[in-house]
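S.K.:
There are 2 protein chains.
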Amino acid sequence: MHPRTIPTAIVAALVLLAALARADDPLPSWNDGPSKRAILAFVAKVAKEGSPDFVPPAERVAVFDNDGTLWSEQPVYFQFAFAIDRVKAMADKHPEWKEKQPFKAVLDNDLKTALAGGEKAIVELVMATHTGMTTDEFHETVLDWVKTARHPRFKRPYTDLVYQPMLELLAHLRANGFKTFIVSGGGIEFMRPWVEKVYGIPPEQVVGSSGKLKYEVRDGKPVLVKLPEVNLIDDGPGKPVGIQQHIGRWPVMCFGNSDGDLQMLQYTTAGPGPRFGLIVHHTDAEREWAYDRDSHVGKLNKALDDAPKSGWVVTDMKKEWKVIYPFQK
Amino acid sequence: MHPRTIPTAIVAALVLLAALARADDPLPSWNDGPSKRAILAFVAKVAKEGSPDFVPPAERVAVFDNDGTLWSEQPVYFQFAFAIDRVKAMADKHPEWKEKQPFKAVLDNDLKTALAGGEKAIVELVMATHTGMTTDEFHETVLDWVKTARHPRFKRPYTDLVYQPMLELLAHLRANGFKTFIVSGGGIEFMRPWVEKVYGIPPEQVVGSSGKLKYEVRDGKPVLVKLPEVNLIDDGPGKPVGIQQHIGRWPVMCFGNSDGDLQMLQYTTAGPGPRFGLIVHHTDAEREWAYDRDSHVGKLNKALDDAPKSGWVVTDMKKEWKVIYPFQK
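Those sequence lines, one after another, are chains L and U. Each residue of the first sequence is one higher than the one before, counting from 749 in the numbering used here. Each residue of the second sequence is one higher than the one before, counting from 749 in the numbering used here.
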């Protein structure tokens, strides 16, 4: 035997063992911390036939907030960045916007003034950019934006800024018979065009804020027109409403990151039998952003206070996530 | 060889062949007619990889009306029978109903007078019996009714009056990768408690008329309260709206039986690529009911007129269905 054979074999065996360990780990981007242990233990017990905590596959529903839970939401909600880009793209057809707030400020790249109008200004920007067209036209516009727009900090498509650890979690839940749903304050029609490709979540498993629609036949072709009337604000107390309207089952697991997810966390974990709630806590200013109680986006106050007594897991992004985005792997 | 061995073997072989033929037939309760042939051919071509008409599994969405398409709807919509039974059950707590129409007429078993108030009367009866409680309470009430109420003609639970050929069709579509959805004018909360068991359709795949909901915490327990405000009337032009709001994909196959399904049929079959529309035509007064153009329930006029030019299959129940209900098998 050549003297170097044995060490080589040992090295090869170790490499193989490491690979096997990785292969066995459904959440390789999660450090071995309290969140990962809690997730793995919960999924194992509800998916195990004969376990006292067994949940039949049909009832394995997991709901995920989107902004700040599955992808980033800073410096502004990505859908708001879309609305701003749309105002600019549509400005030629709306010469009146040059003199009219909040449009004028958006066209002047003066976001502070645009947002000074508060919720009313935001609603105006959203209505102007999200309604009046057919759902198919809007779908194409969103897809085009997803392809061409770049995030100001990372200079990448916004859909690159999804969380690698959450992608692994979604896959792990599905591998264990869970149906994964998005339940987001964001627009249902804004998410559906791309979430299937990015998260593996089909459009019929997306719950979000929505406007009224109108059925019409235009030139012999049926279309659905997006009306400037609110149908559902799927945020805060609207999230359990959205869950009931769209899913009609009590979720077993719930993932959020802000006070907008408070009622969804309450509702999910009040269900009978084993329930799981988790809050993604943005603690990593270097790799992502650090914010909670005083943030203008994704404010996290009451849900953070309630977490210990409600048994919700709080994930410290900085400590518990090995990587944030897929492109950092 | 014993002289009787050969005939016995032949008989045994024939019995076996007949059993195999049945086993190979996914729609044994459908006679070999135009509907069955059209369904089998369509499903085969869209599910066959490499076929020019191949549809990826994720896009295989089939939508079914409920009343008159999956179960009977005579002499009144079954949900209306439920509302009437509820008025009677709740009358003790509403002494004022003894003097107030349409409640008085219902309590007097005078359906004609009760319905004389038209849509307004129906809405009053539905609001009084379908709102004001939590979704969980309503769920239990519906389940209890499904167990105890009996259809006046067949003296059986209403859920026995589902169509055996359609149960086979649902199973055949699912076996070929379709997701099966209900898209009904009936109440979403009225259907969800029992459709999973009866049709194999989970609550999250039920689209229906719905009311507004309100999230509340009562005695520390989160509940959703059913409000007396309409959210969606999922009928006629409301059906494509319900499809877009809940599913967010263009259906590939659509099954209905009345003009309330007209727009859903139009919308589905206007989609790109292979599309399929079918109308269940109630032609069997003996085994079920015969009605179409002048019926007060399930009126079928324009959709029947449009069927030939739109390429929708019209299923003649009397000729094409071997059995109607599972209990007749």
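Idealized CB from N, CA, C, for every residue including glycine.
Using the beta-carbon count (16 or more within 10 Å), is Q993 (chain U) buried or exposed?
M.R.: Position 245 of the second sequence, counted from the first residue, corresponds to residue 993 (chain U). With 16 or more other Cβ atoms within 10 Å, it is buried.
S.K.: Can you grab the Cα-Cα spacing for the pair K1057 (chain U) / R940 (chain U), in whole Å?
M.R.: Locating residue 1057 (chain U) in the second sequence gives position 309, counting from the first residue. Locating residue 940 (chain U) in the second sequence gives position 192, counting from the first residue. So the two alpha carbons sit approximately 35 angstroms from each other.
S.K.: If you compare alpha carbons, which of U:S777, U:L961, U:V931, U:P951 is closest to P985 (chain U)?
M.R.: Position 237 of the second sequence, counted from the start, is the residue given in the question as residue 985 (chain U). Ranking U:S777, U:L961, U:V931, U:P951 by Cα distance to P985 (chain U) puts U:V931 first.
S.K.: Since I believe G816 (chain L) is in contact with K1028 (chain L) (beta carbons under 8 angstroms), could you give me their beta-carbon distance rounded to a whole number of angstroms?
M.R.: Looking up residue 1028 (chain L) in the first sequence gives position 280. Looking up residue 816 (chain L) in the first sequence gives position 68. One detail in the question is off: residue 1028 (chain L) reads as Val in this sequence, not Lys. The Cβ separation is near 7 angstroms, so the contact holds.
S.K.: I995 (chain U) versus chain L: which residues are under 8 angstroms apart at the beta carbon?
M.R.: For the purposes of this step, residue 995 (chain U) is identified with residue 247 of the second sequence, where counting begins at 1. Within chain L, the residues near I995 (chain U) are P951, E952.
S.K.: Taking just the CA atoms, how far does E952 (chain U) sit from G781 (chain L)?
M.R.: Translated into the one-based positions of the first sequence, residue 781 (chain L) becomes position 33. Translated into the one-based positions of the second sequence, residue 952 (chain U) becomes position 204. Going from the Cα of G781 (chain L) to the Cα of E952 (chain U) covers about 34 angstroms.
S.K.: Taking 7 angstroms as the threshold (C-beta atoms), are T879 (chain U) and K974 (chain U) in contact?
M.R.: In the second sequence, residue 974 (chain U) corresponds to position 226, counting from 1. In the second sequence, residue 879 (chain U) corresponds to position 131, counting from 1. Contact flag set, yes.
S.K.: In three-state DSSP terms, what is S932 (chain U)?
M.R.: For the purposes of this step, residue 932 (chain U) is identified with residue 184 of the second sequence, where counting begins at 1. Three-state result, S932 (chain U): strand.
S.K.: CB-CB under 6 angstroms to M749 (chain L), same chain, minus the five flanking residues each way: which ones, in chain order?
M.R.: Position 1 of the first sequence holds residue 749 (chain L). Model confidence at M749 (chain L) stands at a pLDDT of 46, short of 50, so the residue's coordinates are unreliable and nothing is read from them.
S.K.: Which residues mark the beginning and the end of the alpha helix (DSSP H) in which K1057 (chain U) is found?
M.R.: Here residue 1057 (chain U) is taken as the residue at index 309 of the second sequence, counted from 1. Start and end: 1050-1058.
S.K.: Does the segment 896-910 of chain U come within contact of the segment 849-862 of chain U, defined as at least 3 CB pairs closer than 8 angstroms?
M.R.: Contact fails: fewer than three Cβ-Cβ distances are below 8 angstroms.
S.K.: Which residue wins for smallest C-alpha separation from R785 (chain L), given the options L:F1024, L:E1036, L:R997, L:I991?
M.R.: Taking the first residue of the first sequence as position 1, residue 785 (chain L) is located at position 37. The residue with the shortest Cα to Cα distance from R785 (chain L) is L:F1024.
S.K.: What are the residues of the segment 1010-1042 of chain L that lie near chain U, defined by any Cβ-Cβ distance shorter than 8 angstroms?
M.R.: Within the segment 1010-1042 of chain L, the qualifying residues are Q1011, Q1014, Y1015, A1018.
S.K.: At a CB-CB cut-off below 9 angstroms, which residues of chain U make contact with L863 (chain L)?
M.R.: Along the first sequence, read from residue 1 onward, the residue named residue 863 (chain L) stands at position 115. What L863 (chain L) touches in chain U: nothing, since even the nearest Cβ is about 28 angstroms away.
S.K.: From the DSSP secondary-structure annotation, give me the bridge partner or partners of D815 (chain L).
M.R.: In the first sequence, counting from the first residue as 1, residue 815 (chain L) sits at position 67. Per DSSP, L:W819.
S.K.: Tell whether a beta-carbon distance below 7 angstroms holds between M1065 (chain L) and D1032 (chain L).
M.R.: Locating residue 1065 (chain L) in the first sequence gives position 317, where the first residue counts as 1. Locating residue 1032 (chain L) in the first sequence gives position 284, where the first residue counts as 1. Yes; because the gap between Cβ atoms is below 7 angstroms, this pair is in contact.
S.K.: For the segment 814-868 of chain L, which segments carrying the alpha helix (DSSP H) assignment without a break, of at least 4 residues, lie completely within its bounds, in sequence order?
M.R.: Those alpha helix (DSSP H) runs which fall completely within the segment 814-868 of chain L and span 4+ residues are 826-838, 851-855, 859-864.
S.K.: With a cut-off of 8 angstroms on the beta carbons, I'd call G935 (chain L) and S957 (chain L) a contact; round off their distance for me.
M.R.: Position 187 of the first sequence, counting from 1, holds the residue named residue 935 (chain L). Position 209 of the first sequence, counting from 1, holds the residue named residue 957 (chain L). Sure, about 5 angstroms apart at Cβ, within 8 angstroms.
S.K.: Whose Cβ in chain L lies nearer than 7 angstroms to the Cβ of Q992 (chain U)?
M.R.: As a working mapping, residue 992 (chain U) is identified with position 244 in the second sequence. What Q992 (chain U) touches in chain L: T883, L961, L972.
S.K.: Nearest to D1007 (chain U) by CA position, among U:A864, U:E872, U:V794, U:D1054, is which residue?
M.R.: Residue 1007 (chain U) sits at position 259 when you count from the first residue of the second sequence. The shortest Cα separation from D1007 (chain U) among U:A864, U:E872, U:V794, U:D1054 belongs to U:D1054.
S.K.: Compute the distance between the beta-carbons of S777 (chain U) and V1061 (chain U), then report whether it is under 7 angstroms.
M.R.: Indexing the second sequence from 1 puts residue 777 (chain U) at position 29. Indexing the second sequence from 1 puts residue 1061 (chain U) at position 313. Not in contact: S777 (chain U) and V1061 (chain U) (Cβ atoms no closer than 7 angstroms).
S.K.: When we look at the beta-carbon of N814 (chain L) and count the other beta-carbons within 10 Å, is it buried (16 or more) or exposed?
M.R.: Residue 814 (chain L) sits at position 66 when you count from the first residue of the first sequence. With 16 or more other Cβ atoms within 10 Å, it is buried.
S.K.: Would you check if the segment 892-899 of chain L and the segment 821-833 of chain L touch, i.e. whether three or more CB-CB distances between them fall below 8 angstroms?
M.R.: Taking 8 angstroms as the limit for Cβ pairs, the verdict is that the segment 892-899 of chain L does touch the segment 821-833 of chain L.
S.K.: Identify the contact partners of P1095 (chain L) in chain U, using a Cβ-Cβ distance below 7 angstroms as the criterion.
M.R.: What is shown of chain L runs 749 to 1077, which leaves residue 1095 (chain L) out entirely.
S.K.: Output, in chain order, the set of chain L residues within a Cβ distance shorter than 7 angstroms of A839 (chain U).
M.R.: Stepping through the second sequence from its first residue, residue 839 (chain U) is reached at position 91. What A839 (chain U) touches in chain L: nothing, since even the nearest Cβ is about 29 angstroms away.
S.K.: What residues are listed by DSSP as bridge partners for E964 (chain U)?
M.R.: Here the question's residue 964 (chain U) lines up with position 216 in the second sequence. E964 (chain U) is bridged to U:V971.
S.K.: Whole angstroms are fine: how far does the CA of E937 (chain L) sit from the CA of M875 (chain U)?
M.R.: Start at 1 with the first residue of the second sequence, and residue 875 (chain U) comes out as number 127. Start at 1 with the first residue of the first sequence, and residue 937 (chain L) comes out as number 189. Taking the straight line from one Cα to the other gives about 31 angstroms.
S.K.: Considering only the beta carbon of each residue, do G872 (chain U) and G1046 (chain U) sit closer than 7 angstroms?
M.R.: Residue 872 (chain U) sits at position 124 when you count from the first residue of the second sequence. Residue 1046 (chain U) sits at position 298 when you count from the first residue of the second sequence. Correcting the residue type first, residue 872 (chain U) is Glu in the shown sequence and not Gly. No, they are not a contact pair.
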